[in-house]
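Undergrad: Protein chains in written order, with the working numbering: chain A, 1 to 348; chain B, 1 to 505. Every residue, glycine too, gets a C-beta built ideally from N, C-alpha and C. Computed from a prediction, not measured in an experiment: that's the story for all the values here.
What follows is the structure, encoded as structure tokens:
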């Protein structure tokens, strides 16, 4: 089995009655979204999307409403069938699965969390979490035990016998997360899980979520419309617009090198202090003219992966420029206050 | 700046009024400005609308105005027409002639009687006089009616003028309101339509002469009064249907008998439980059930209700009624809930089922009692079937509604965790739809109870029979007591079912 848990190859989704004809026309004539709507009255949901996600990565898909991100995530567990393209999850070709196998994969290997929680209102918290296990036919004692464990992972001990409506929004979403974790799936699909929560609780849950998935080593697809959130929790971010993937990259790549104006517009207001590291802004040691009487040997030395925020802290306390070292401790560059300020402004 | 923007807004409005009116845009933009400049009613007179109200309205697509105007105009014209050409007093005149000829007959008879010396001369003479007096009265009334013609002409002319003046003043106000609606949502029609004008002319051409003719001529031609149809059409259709029913009843006898005996078995079972069990046992079970399921207050009410039924001698009949109702309601739920689920899952099934359900609910019960008798005979099972037809629609509808109202996000979540269709239905959809389903069941039970009286018409014995008898013999007391007994049965069942449900909540 390859290291890539999720592989998408040229996935298309076209909604509408004549989607097959529309798909054909798109391939043969290269129609765009508006033309497809005009000629076939079909809506292009996903347009030629390909990406892979390695094991243990948190992959954020960011886009505004209507960009197709929720449609895309539903392809991964085949809640929506693709019009064309190949989707592999854990090495299985999702489109080729029989109904029984599909149910099995959904129940055992893919957990999903929804924006509106989608808990069963007539069941207790414990029974909600146990639902995926119940579907698999796990006996009651065993599934309660496992669910209890999942609930303690999200710090909800003692709420087992409450009904969902007795819990706050944040707690309900933690129940949703526990439900997704209950059958210990390799893959987690998160469909804007924190969007409906208020900011403070959202922040708390984001942190809790990152810690949890990193310790549990879950491969996660995380949908969000909030770039801040994507940057905070994503190992990599994919930006979607009108069904297309516009750019895929690490938060730093996205912020530092936006692929087009659309992405640039998004990242405009994102603070780069925590994202950009010394490596990206440092100059060659010899290129920088050092004022007379300054001994670079006394200058503070930091690792090349130190972020700007930390560099500022150092620069404030020191008159001297900062020397940047690589992992082996060798001097590889220099950052003066001027360079630092330029770096903060995003100029190079 | 401000004045500038105001004038540009004004110009824009003028342009849009031009687009709206198509013809005479200048006139209407002036009038609309005038109307819009004041909050009070503005006097803006539209001569076209005043003279030719209905035609103006039809061409301008103001149909509400068209109907008001045409009714008022017709009324005025009928008054005028009657005054000008109406054969006023024709009825009275004819009556006077009839009476006076009869009176003359009487007088001749009296004359002959007088000549032959019979004893009834006086009576005959008096009759003749009376008749003559009545004839004179009729004559006077006829003359008065003819004299009233000038009055009719006066009022008619007044009404016509008033109509014209009012529509002249109203037209622009109404048209301006239409313009405002048109600006908001473009679904409102606009412009000047010659097609509609033609339609207005045709309607006037048909309505005015025919109406005038009908009301001015004393005896209009027969086809105008009553639709000229042939009674044989109706007879043939009814006969054809009769034959159809008969042949179906004959061919499907086995099928119908099967249904009847099935229902009878269910009913017999329920009757054994409710009627044949000694009354203290039944009463105790009902009371304990009310108490456990719905609480002490309902139990107390149930006790009072049961006491009423028992002391007034309705016990056995009540239990028979409840057995009847129980059988009907059980069947309703057994058929209705799955049907409702099917309707929710398959839109095409619902498209077929909906008109059928409407039909079942709207068709007066007395109408389908007839084919039920034809197919199933009389007695309790057909009574239950009739109840079924009336009582099933709510449970089907509300089940379908409940299942459809299950949030799609929850269904999606269940599917995302690998739920099978069966588990989805049993563990997600039905539990979530339960409040709606239970409302449907409750409705069905109450509707079934209201059918009990009607079902008793075809021999479904019970409390309904008492009401029916009371109706036949105008026994007010008996009817009221039996009616209250039915009401109490309904309330006991309703409270217990609802109480159980509220507790679950």
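Tell me whether residue 80/A sits in a helix, a strand or coil according to DSSP, three-state version.
TA: coil
Undergrad: With a threshold of 7 Å on Cβ separation, who are the neighbours of residue 9/A within its own chain once the five nearest residues in sequence on each side are excluded?
TA: 50, 85 and 86
Undergrad: Counting C-beta neighbours from all protein chains within 10 Å, is the total for residue 413/B 16 or more, i.e. buried, or is it exposed?
TA: buried
Undergrad: Which residues of chain B have a Cβ atom closer than 7 Å to the Cβ of residue 310/A, listed in chain order?
TA: The premise fails here: residue 310/A is roughly 42 Å from chain B at the closest Cβ pair, so nothing lies under 7 Å.
Undergrad: Under 8 Å, with one C-beta from each stretch per pair, do the stretch 225-235 of chain A and the stretch 203-212 of chain A reach the 3-pair mark?
TA: yes
Undergrad: Kindly say whether residue 418/B, judged by its beta-carbon, lies nearer than 8 Å to any beta-carbon of chain A.
TA: yes
Undergrad: Return the bridge partner residues of residue 238/A from the DSSP annotation.
TA: 61/A and 248/A
Undergrad: Any beta-carbon of chain A closer than 8 Å to the one on residue 410/B?
TA: yes
Undergrad: Report the residue from 173/A, 119/A, 305/A and 296/A whose alpha carbon sits nearest the alpha carbon of residue 322/A.
TA: Looking at the Cα atoms, 296/A is the closest of the given residues.
Undergrad: Checking contacts by CB at 8 Å: is residue 154/A closer than that to chain B?
TA: no
Undergrad: Can you round the beta-carbon distance between residue 220/A and residue 240/A to whole angstroms, since I take them to be within the 8 Å contact cut?
TA: Between residue 240/A and residue 220/A the Cβ distance is about 17 Å, and since that is not below 8 Å, they are no contact.
Undergrad: Can you tell which of 285/B, 265/B and 225/B has its C-alpha closest to the C-alpha of residue 299/B?
TA: 285/B
Undergrad: Taking C-beta to C-beta, are residue 247/A and residue 267/A nearer than 8 Å?
TA: no
Undergrad: Between residue 126/A and residue 431/B, what straight-line distance do the alpha-carbon atoms span, to the nearest angstrom?
TA: 17 Å
Undergrad: Assuming residue 178/A contacts residue 150/A (C-beta within less than 8 Å), just tell me the rounded distance between them.
TA: 4 Å
Undergrad: Which residues of chain A have a Cβ atom closer than 8 Å to the Cβ of residue 428/B, listed in chain order?
TA: 120
Undergrad: Within this structure, are the beta carbons of residue 216/B and residue 81/B separated by less than 8 Å?
TA: yes
Undergrad: At 8 Å on the CB atoms, spell out the chain A contacts of residue 415/B, in chain order.
TA: 79 and 106
Undergrad: List, in order along the chain, the chain A residues whose C-beta lies closer than 8 Å to that of residue 52/B?
TA: Per Cβ cutoff of 8 Å: no residues; residue 52/B is ~46 Å from chain A at best.
Undergrad: Measuring straight from C-alpha to C-alpha, what distance separates residue 1/A and residue 89/A?
TA: Unreliable positioning characterises residue 1/A in this predicted model, as indicated by a pLDDT of 44, which lies under 50. A coordinate reading is not provided.
Undergrad: Does the beta-carbon distance from residue 100/B to residue 135/B come in below 8 Å?
TA: A contact, by the Cβ cut-off of 8 Å.
Undergrad: Just list the alpha helix (DSSP H) runs in the stretch 91-179 of chain A, keeping only unbroken ones of 4 residues or longer that don't cross its boundaries, in chain order.
TA: 99-108, 125-129, 131-136 and 140-153
Undergrad: Between the C-alpha atoms of residue 504/B and residue 128/A, what's the straight-line distance to the nearest angstrom?
TA: Residue confidence for residue 504/B is low, a pLDDT of 49 falling below 50, so the modelled location carries little weight; the figure read from the coordinates is stated next. C-alpha separation (whole angstroms): 19 Å.
Undergrad: Entirely within the stretch 74-129 of chain B and at least 4 residues each: give me those alpha helix (DSSP H) ranges in chain order.
TA: 90-116
Undergrad: Opposite residue 189/A in the DSSP bridges: which residues?
TA: 112/A and 221/A
Undergrad: Below 7 Å CB to CB, which residues in the same chain sit around residue 14/B once its five sequence neighbours on both sides are set aside?
TA: Once the five neighbours on either side are set aside, the close Cβ partners of residue 14/B are 29.
Undergrad: I want to see whether chain A comes within less than 8 Å of residue 404/B, judged by CB atoms only; does it?
TA: no
Undergrad: Enumerate in chain order the residues of its own chain whose CB-to-CB distance from residue 114/B is below 7 Å, with the five nearest sequence positions on each side excluded.
TA: So the list reads 121, once near-sequence residues are dropped.
Undergrad: Determine the chain B residues that contact residue 135/A at a beta-carbon separation under 7 Å, and present them in chain order.
TA: Ordered by position in chain B, the residues that pass the 7 Å Cβ test against residue 135/A are 417, 418, 419 and 423.
Undergrad: With a threshold of 8 Å between beta-carbons, can residue 435/B be considered close to chain A, or not?
TA: no
Undergrad: How would you list, in chain order, the residues of chain A whose beta-carbon sits under 8 Å from the beta-carbon of residue 432/B?
TA: 120, 121 and 122
Undergrad: Using DSSP's beta-bridge definition, name the partner residues of residue 54/A.
TA: Answer by DSSP bridge pairing, in chain order: 4/A.
Undergrad: Under 8 Å between beta-carbons, which chain B residues line up against residue 112/A? List them in chain order, please.
TA: 413, 416 and 417
Undergrad: Do residue 300/A and residue 318/A have their C-beta atoms within less than 8 Å of each other?
TA: yes
Undergrad: Using the C-alpha atoms, what's the distance from residue 195/B back to residue 180/B?
TA: Residue 180/B and residue 195/B have their C-alpha atoms some 23 Å from each other.
Undergrad: Sort 166/B, 85/B, 117/B and 189/B by Cα distance to residue 150/B and report the nearest one.
TA: 85/B
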